[in-house]
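For reference, the structure is listed below as structure tokens.
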Amino acid sequence: MYLYLRIATFTTKSAPPPEEENEDPTTLRTYTNFHEESTVELLNKDLNSLSGIYAFKYNNSSKIYVGSSINLSIRTVEHLKNRNSNIYLQNAFKKHGLKIWIILEILPVNISELPYSSQAEHYANLIELEQKYLDLYINKYNINPIAGKPRAGSKHTEATKELMSKIRTENPYFLNKTHSPEFIEKFEYVWRALIIPCLVE
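Numbering (full-length UniProt numbering), first residue to last: 1 to 201.
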């Protein structure tokens with residue numbers, strides 16, 4: 001199993017962070033061999049208390065699982081240990097083993113360090129970004145097409161939808177950002193290598 005992480009900063013404010021053009025989407029952390037306990041221990045250490053979007057993808061298939069979590073170390077290990085996980089993803093783990101899977105992206109923010117109001121906005125932002133990925137990928141292990149809901153056909157609450165609308169309107173850093181041509185070129189390199197193969201069977 002392979003784990004690729006594209007690290008990016010996150011803010012709930014409307015203004016972009018300084019020196020944003022130094023962001024490099026081709027910079028990836030790589031983890032291998034998820035069947036080994038040492039890799040699980042490394043996940044717990046590196047991703048402890050970090051929130052973000054993650055995606056499991058078998059290296060030789062177009063199918064993908066997209067999720068979000070306010071604690072990536074706990075959530076990813078839950079999947080690997082088959083605790084509170086997606087049944088289709090678990091069946092794929094059993095079929096293919098745990099050696100060649102990847103996780104594409106995280107947003108490394110320790111939500112416990114945010115004030116309560118910012119925590120609510122951050123959670124809504126995670127759900128919004130997860131939904132964008134769910135809408136993008138055609139071939140998925142996900143049972144529910146609605147981000148943040150455990151049951152198919154569920155809908156977001158009015159409060160969550162109001163927060164999402166507020167975040168989009170305020171043009172946060174991750175969702176509605178204008179990048180330089182150089183940044184876009186780098187991002188498209190990663191897009192072609194890692195994401196486009198997931199879009200169609």
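All C-beta atoms, glycine included, are put in the ideal place defined by N, C-alpha and C.
### Message
Distance check for ARG75 and LEU126, CA to CA, integer angstroms please.
### Response
Position 126 of the sequence shown, counted from the first residue, corresponds to residue 126. Position 75 of the sequence shown, counted from the first residue, corresponds to residue 75. About 14 Å.
### Exposure label - LYS95; buried when at least 16 CB within 10 Å
Along the sequence shown, one-based indexing puts residue 95 at 95. Classification for LYS95: exposed.
### Task
Report yes if the CB atom of LEU50 is closer than 7 Å to the CB atom of LEU80, and no otherwise.
In the sequence shown, counting from the first residue as 1, residue 50 sits at position 50. In the sequence shown, counting from the first residue as 1, residue 80 sits at position 80. In this structure, LEU80 does not lie closer than 7 Å to LEU50 by Cβ.
#### Entry: Identity of the residues DSSP links to GLY148 by a beta bridge
Residue mapping note: residue 148 aligns to position 148 of the sequence shown, counting from 1. Bridge partners of GLY148: none, in fact.
### Message
For the alpha helix (DSSP H) containing TYR88, name the first residue and the last one.
### Response
By 1-based counting over the sequence shown, the position of residue 88 is 88. The continuous alpha helix (DSSP H) containing TYR88 extends over residues 87-96.
### Contact under 7 Å by Cβ, LEU89 with TYR137
Position 89 of the sequence shown, counted from the start, is the residue given in the question as residue 89. Position 137 of the sequence shown, counted from the start, is the residue given in the question as residue 137. It is not a contact, given that the beta carbons lie outside the stated cut-off.
### Message
Relative to the C-alpha of TYR123, which candidate in PHE93, LEU47, ASN48 and GLY52 has its C-alpha closest?
### Response
For the purposes of this step, residue 123 is taken as residue 123 along the sequence shown, with counting starting at 1. Distance check between TYR123 and each of PHE93, LEU47, ASN48 and GLY52 places GLY52 closest, using alpha-carbon atoms only.
### Task
Could you check what DSSP says for ILE143 in three-state terms: helix, strand or coil?
One-based indexing of the sequence shown puts residue 143 at position 143. In the structure shown, ILE143 sits in coil (DSSP, three-state: anything other than H, G, I, E or B).
### Whole-angstrom distance between GLU121 and SER62, CA atom to CA atom
For the purposes of this step, residue 62 is identified with residue 62 of the sequence shown, where counting begins at 1. For the purposes of this step, residue 121 is identified with residue 121 of the sequence shown, where counting begins at 1. Roughly 32 Å separates the two Cα atoms.
### Message
Less than 7 Å between the beta carbons of GLU130 and SER68, yes or no?
### Response
For the purposes of this step, residue 130 is identified with residue 130 of the sequence shown, where counting begins at 1. For the purposes of this step, residue 68 is identified with residue 68 of the sequence shown, where counting begins at 1. In contact: GLU130 and SER68 (Cβ atoms closer than 7 Å).
#### Entry: Nearest-angstrom Cβ-Cβ length linking ASN82 and ILE143, presumed shorter than 8 Å
For the purposes of this step, residue 82 is identified with residue 82 of the sequence shown, where counting begins at 1. For the purposes of this step, residue 143 is identified with residue 143 of the sequence shown, where counting begins at 1. Between ASN82 and ILE143 the beta-carbon gap is near 15 Å, outside 8 Å, which marks them as no contact.
### Query
Looking only at DSSP bridge pairs, what is VAL66 linked to?
On the sequence shown, residue 66 is found 66 positions in, with the first residue counted as 1. As DSSP reads the structure, VAL66 sits in a beta bridge with ALA55.
### Pairwise C-alpha distance: SER118 and ALA55
As a first step, residue 55 is located in the sequence shown; it is residue number 55 there, counting from the start. As a first step, residue 118 is located in the sequence shown; it is residue number 118 there, counting from the start. ALA55 and SER118: Cα-Cα distance of roughly 24 Å.
### Query
What did DSSP end up calling LEU136 once you bin it into helix, strand or coil?
What you label residue 136 is simply residue 136 of the sequence shown in a count that begins at 1. Residue state, collapsed to three classes: helix.
#### Entry: VAL77 versus LYS132 - alpha carbon distance
Numbered from its first residue, the sequence shown carries residue 77 at position 77. Numbered from its first residue, the sequence shown carries residue 132 at position 132. Between VAL77 and LYS132, the C-alpha separation is close to 24 Å.
### Query
Using the beta-carbon count (16 or more within 10 Å), is GLU45 buried or exposed?
Translated into positions along the sequence shown, residue 45 becomes position 45. With the sequence shown as reference, residue 45 is identified as Lys, and Glu is not the correct amino acid for it. Per the 10 Å Cβ criterion, exposed.
### Task
With a threshold of 16 other CB atoms inside 10 Å of the CB of GLU128, please say whether the residue is buried or exposed.
Looking up residue 128 in the sequence shown gives position 128. Buried, because 16 or more other Cβ atoms sit within 10 Å of the Cβ of GLU128.
### Query
Relative to the C-alpha of residue 242, which residue among ILE64, PRO145, ALA92 and ASN91 is closest?
Coverage of the chain is limited to positions 1 through 201, which leaves residue 242 absent and any answer about it impossible.
#### Entry: Residue of ASN91, VAL66 and ALA92 minimising C-alpha distance to PRO145
Position 145 of the sequence shown, counted from the start, is the residue given in the question as residue 145. Among ASN91, VAL66 and ALA92, the Cα nearest to that of PRO145 belongs to VAL66.
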